[in-house]
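Here is the structure we will look at, set down as structure tokens.
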Amino acid sequence: TAAQESLGDWRLSECDLFVTKEPCPMCAGGIVHCRVRALVYGCSSPKDGAAGGGFINLLEQPTLNHRTEIRSGVLADQSAQILRNFFQAARIKSKELDDQEN
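For the sequence shown, my numbering assigns the number 11 to the initial residue and increments by one for each residue that follows.
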């Protein structure tokens, strides 16, 4: 990643990650693997979230060798609206492309 290249190390133990939506299990695994110090996210993801707001919390598993500090719900309503707007625009664009093909 750009952070790893900039720091010259795969460990990101001095880095904090800010995201709109709670990470999925695969992203949470990457966060743990790279030893990210803290995760700050806006809205939870009940169906596939893996940072405590969804169905599992992979970032605080006692069997793992790293714990990431988690701060959730930061600007949650605004984060959810950003995601709704993004996916609404993507659906409109997809429909326009389908209409052009037909």
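Just so you know, even glycine gets a beta-carbon here, dropped at the ideal spot from N, CA and C.
Nearest to residue i by alpha carbon, out of the options?
{"i": "H76", "options": "L22, Q14, A13", "result": "L22"}
{"i": "D19", "options": "K105, T73, H43", "result": "H43"}
{"i": "A90", "options": "E106, Y51, A100", "result": "Y51"}
{"i": "T11", "options": "P33, I41, D109", "result": "I41"}
Which first and last residues belong to the beta strand (DSSP E) in which residue i is found?
{"i": "E79", "result": "79-81"}
{"i": "F28", "result": "26-31"}
{"i": "L49", "result": "48-53"}
What are the boundary residues of the alpha helix (DSSP H) that includes residue i?
{"i": "L17", "result": "12-17"}
{"i": "C37", "result": "35-43"}
Could you give the C-beta distance for residue i and residue j, rounded to a whole number, given that I count them as a contact under 8 Å?
{"i": "S54", "j": "E32", "result": "5 Å"}
{"i": "A60", "j": "E79", "result": "Not a contact, Cβ separation roughly 15 Å."}
{"i": "G62", "j": "P56", "result": "Rounded, the Cβ-Cβ distance is 11 Å, inconsistent with contact."}
At 3 residues or longer, and completely inside the region 57-110: list those beta strand (DSSP E) runs for me, N to C. 79-81
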